[in-house]
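J.: Pasting in a structure now, in structure tokens, and then I'll have a few things to ask.
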Amino acid sequence: MTTLKSKLQEDLNVAIKERDELRSSTLRLTLAAITKEEVAGKEKRELSDDEVQKVIAKEAKKRREAAEAFAQGGRAEQAERERAEGVILDAYLPQQLSDDELKQIVAQAVDEAKAAGAEGPRAMGAVMKIVNPKVAGRAEGGRVAAVVKQLLAG
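Counting in numbering that gives the first Met the number 0, the sequence shown runs from 0 upward without gaps.
So, in structure tokens, the structure goes:
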């Protein structure tokens with residue numbers, strides 16, 4: 000059984016052999032983040048595939064934010080590299096939900112929350128509790144919260 004971490008390691012070895020600098024540096028940084036997470040706390044532990052996926056998602060989000068910051072700062076070359084690193088990491092993440100799919104899931108959750116007695120903008124927490132397990136890893140929290148607010152307000 001191959002784990003996500005070992006797949007990253009194998010892909011790193013291939014990238015090094017192919018002299019693909021961008022891919023190898025991206026995978027090295029990601030594996031370093033995974034190792035850092037494994038040794039955080041009182042005892043070293045092996046991360047599950049779900050936990051590794053969360054680390055990869057966090058790294059991909061960092062790349063998107065850095066690309067935005069570089070673009071705003073007028074450093075287009077750096078921004079483009081960050082975007083390219085993000086694309087490499089996205090290949091290891093589950094397919095993201097489309098806006099329509101996300102709205103459909105949130106609409107169902109809003110109906111469930113209303114059936115349970117939650118109304119208006121104060122129902123945000125109740126709706127998020129219902130939605131988060133359904134969209135885990137397939138939609139960013141900020142995106143989900145925006146759709147929930149929109150549907151609760153309108």
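Backbone N, C-alpha and C define an ideal beta-carbon position, used for all residues, glycine too.
1. Can you tell me the Cβ-Cβ gap for Glu-58 and Thr-29, rounded? I've got them flagged as a contact below 8 angstroms.
2. Give the range of the alpha helix (DSSP H) segment to which Arg-62 is assigned.
3. Report, in whole angstroms, the separation of the C-beta atoms of Arg-101 and Val-146, which I expect to be a contact under 8 angstroms.
4. If we count Cβ pairs, one from each stretch, closer than 8 angstroms, do we get three or more for the stretch 103-110 versus the stretch 80-93?
5. Does DSSP put Arg-80 in a helix, a strand or coil?
6. Helix, strand or coil for Ser-24, going by three-state DSSP, please let me know.
7. Check whether the Cβ atoms of Gly-136 and Gln-71 lie closer than 8 angstroms to each other.
8. What are the boundary residues of the alpha helix (DSSP H) that includes Glu-9?
T.: Here's the rundown:
1. 5 angstroms
2. 48-71
3. Note on identity: in this sequence residue 101 is Leu, with Arg being the wrong assignment. With a Cβ gap of about 6 angstroms, Leu-101 and Val-146 count as contacting.
4. no
5. helix
6. helix
7. no
8. 3-16
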